[in-house]
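Reviewing the structure listed below.
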Amino acid sequence: MPLDVLFEIFSYLLPYDMLNLSRTSKPFRNLLMDRNSVSFWKAARCNVPGLPEPFPGMSEPVFANLCYSPHCHVCLKSNVQDVIWDLRIRLCNICKKTSTVSISVAKSRLYLKESKRLLPHISTYLVKWNDQVTDDWVRGVQRLLISDMDDVEKAWVSLPASKEGRDQFLKDEDRRFKDIEKHAEVCDNWSQNKKYDRSQELNEVRQEHLRTILRKLNEAGYGEDVTFSDKHRDVHGRDPICYHPFVRQAKPLTDRIWQNRCPA
Numbered sequence: 001m002p003l004d005v006l007f008e009i010f011s012y013l014l015p016y017d018m019l020n021l022s023r024t025s026k027p028f029r030n031l032l033m034d035r036n037s038v039s040f041w042k043a044a045r046c047n048v049p050g051l052p053e054p055f056p057g058m059s060e061p062v063f064a065n066l067c068y069s070p071h072c073h074v075c076l077k078s079n080v081q082d083v084i085w086d087l088r089i090r091l092c093n094i095c096k097k098t099s100t101v102s103i104s105v106a107k108s109r110l111y112l113k114e115s116k117r118l119l120p121h122i123s124t125y126l127v128k129w130n131d132q133v134t135d136d137w138v139r140g141v142q143r144l145l146i147s148d149m150d151d152v153e154k155a156w157v158s159l160p161a162s163k164e165g166r167d168q169f170l171k172d173e174d175r176r177f178k179d180i181e182k183h184a185e186v187c188d189n190w191s192q193n194k195k196y197d198r199s200q201e202l203n204e205v206r207q208e209h210l211r212t213i214l215r216k217l218n219e220a221g222y223g224e225d226v227t228f229s230d231k232h233r234d235v236h237g238r239d240p241i242c243y244h245p246f247v248r249q250a251k252p253l254t255d256r257i258w259q260n261r262c263p264a
């Protein structure tokens, strides 16, 4: 296929499509991961309404992977749906514990004399109440990535032993930290809106599924049963039939599915 045709196709893709395409073969990976292909990734990102720009210092492919590839970035475990935007990473429940440390532990591991100066410039993650954690991992405690802590410490140790140099380093880190913190909030808002839109979309599919079932039941002569069910709604105003697993499915009801489920 001519490259100009291929490039035209790229302009219509989404970041998730670009990720999958880059993983199909080595030639595609070499092409899409080349620095000269950054415009394709930007175009894909712009095809998603409201999708923010990458974090400062993060490439387009890495940001696309963060947003759309549901795996743990440490152990590669699949089905990790939530992004920890403050840390710019996805972690499974096990790696949340093994790859992060609490602030109190970090203070003891960092240079003790400088821990108070360094820690405010490292992004942290607040353990949520719905996180699946063990008894020794306290909810409501700020944790940070061990790798982030190590990077800051290595950078600090390599600095010239001058007050001016270290003060400038802290200023730069403070600016970088604030930029990340602000952008993490933007990304989290986008993610929450995306989840809400998806839930609304699925709910509409379920409602259409229910309407189709009720219509077919009426057509099959079960109108009185449908009326009885409608008059006995629960405290939330839901028809009892709504709780049936077959009714709650978030997919269109085809004639084939109906015949298999409710043969004449």
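According to UniProt numbering, the sequence shown is numbered sequentially starting from 1. Positions of the beta carbon are idealized from the N, C-alpha and C atoms, including for glycine.
Taking C-alpha positions only, D172 is separated from P2 by approximately 46 angstroms.
With contacts defined by Cβ atoms closer than 8 angstroms, S102 and V141 form a contacting pair. Around the beta carbon of F55, 16 or more other beta carbons sit within 10 angstroms, so the residue counts as buried. DSSP, read as helix, strand or coil, puts R143 in strand. Straight through space, the alpha carbons of L144 and S104 are spaced by roughly 10 angstroms.
The beta carbon of E60 sits closer than 7 angstroms to those of V38, W41, K42, R45 and P54, all from its chain and outside the five residues before and after it, given in chain order. In the three-state reduction of the DSSP assignment, T98 falls in the helix class, which pools H, G and I.
When rounded, the separation of the alpha-carbon atoms in L19 and E224 is 52 angstroms. A distance below 6 angstroms between beta-carbons, with the five flanking residues on each side excluded, links L21 to the following residues of its chain, in chain order: F28. Separation of D86 and E181 (C-alpha to C-alpha, rounded to the nearest whole angstrom) is 6 angstroms.
A straight line joining the alpha-carbon of Q200 with that of G221 spans about 32 angstroms.
By the neighbour-count criterion, in which 16 or more other beta carbons inside 10 Å mark a residue as buried, F246 falls on the exposed side. Annotation for Y16: the continuous alpha helix (DSSP H) segment containing it runs P15 to S22.
Assignment of beta-bridge partners to S123 by DSSP yields no partner.
Around the beta-carbon of D148, 16 or more other beta-carbon atoms lie within 10 Å, marking it buried. In this structure, W190 lies near P52, with their beta-carbon atoms less than 8 angstroms apart.
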